[in-house]
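In our numbering, the protein residues as written are 4 to 257.
Glycine included, every Cβ here is placed at the ideal spot set by N, Cα and C.
Heads up, the thing below is written out as structure tokens.
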Amino acid sequence: MILASWNVNSIRARQERLAAWLDKVRPDVACLQELKVVDEAFPHASLEALGYHAATFGQKTYNGVAVLSRTKITRTIRGLGDDDPQARFLAVDVDKLHVLCAYVPNGQEVGSDKWAYKLAWMERLRAFLDAHYSPEDRLVLCGDFNVARDDLDVARPDDWVGSVLCHDDARQRFQAILDWGLVDVFRRQHPGGGLYSWWDYRMLGFPRNHGLRIDYVLATESVAKKCVAAKIDRDERKGEKPSDHAPVVVEFVA
DNA sequence: ATGGCATAATTGTTATGA
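Structure representation (structure tokens):
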């Protein structure tokens, strides 16, 4: 089974690239973030034509998450179960797997209101896991976490010391999510680091490979132990009109 | 200290991202 996570940075701007990529990779499940579109304008028809069911939790202009699946989606939970108006979380069941798709807030600047919201949001995500699932479940939590876990996940760590992507307080919230009972399956496959999922559009970030790994596939151990391959599809950061994020693609055996 | 690039709201400029 192939599972992917990709922050597309507008599904409408990325529609052609997304379709070509789905056709090439044929993931069984794909978690998408930053749709920047309301549910009514989500491109269901073109994705159906490619063989995908879709669950969406969209929003005008900002945020928005979706899960695509080649098999039927049997349950959908939109949001973390509170009155937060930002569309950043979607959980579905597909086959015998819980699939959770998250777009963690960026936080803008340490000390800002958005920063406080980011930390609180990550705590709410951990609480949601506690309330709804067991670490014994077959579960994956994928998405853009807007946190580089370790300096191994940062090309130029000195540039990012204390920033919203690398701050200890954010890393602690991330670790609390892992400590619930999740494995960073990409890290397990590539313990040496030095592989990135996001590069700034500016300052020749991608040609210089000044990247960070902030997109993740996390899995409970029963799923993680079936992982046979994990990669970041750097080719998707090349060419015309790329997202600033590349997809993370993970393969599991039966 | 700032912008640098991209997107979506709109058509000149702002909010946001990471």
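For Glu19, does the three-state DSSP call read helix, strand or coil? Secondary structure of Glu19 (DSSP, three-state): helix.
With DSSP as the reference, label Gln175 as helix, strand or coil. helix
Kindly indicate which residue of Gly146, Pro194, Asp182, Thr77 has the alpha-carbon position closest to the one of Ala249. Selection Gly146, Pro194, Asp182, Thr77 evaluated against Ala249 yields Gly146 as nearest (Cα-Cα).
For Gln36, I'd like the list of residues in its chain whose CB is within less than 6 angstroms of its CB, leaving aside the five on either flank, ordered along the chain. Asn10, Val68, Tyr106, Gly146, Asp147
Residues near His213 in its chain [Cβ-Cβ closer than 6 angstroms; skip 5 each side]: Ala158, Arg159
What separation, rounded to the nearest whole angstrom, lies between the Cα atoms of Glu224 and Gly184? 7 angstroms
Residues that Val1 bridges to, as DSSP identifies them: Nothing about residue 1 can be read from this structure; the chain reaches only from 4 to 257.
In terms of DSSP beta bridges, what is Gln36 paired with? Asn10, Val68
Please tell me whether Ile14 and Val40 are closer than 8 angstroms, where the distance is taken between their beta carbons. Closer than 8 angstroms, so yes.
When you compare the CB positions of Val226 and Leu142, do they come within less than 8 angstroms of one another, or not? yes
Could you give the DSSP three-state label for Val220: helix, strand or coil? strand
Between which two residues does the alpha helix (DSSP H) holding Leu122 run? Membership of Leu122 in the alpha helix (DSSP H) is indicated by the continuous run 116-135.
Assuming Lys121 contacts Val167 (C-beta within less than 8 angstroms), just tell me the rounded distance between them. That belief holds up - the Cβ atoms of Lys121 and Val167 are roughly 7 angstroms apart, short of 8 angstroms.
Using a Cβ distance threshold of 8 angstroms, determine whether the segment 82-92 contacts the segment 44-58, with at least three qualifying pairs required. Flag = no, the segment 82-92 and the segment 44-58 do not touch.
Check Ala158 in the structure and name its three-state DSSP category. coil
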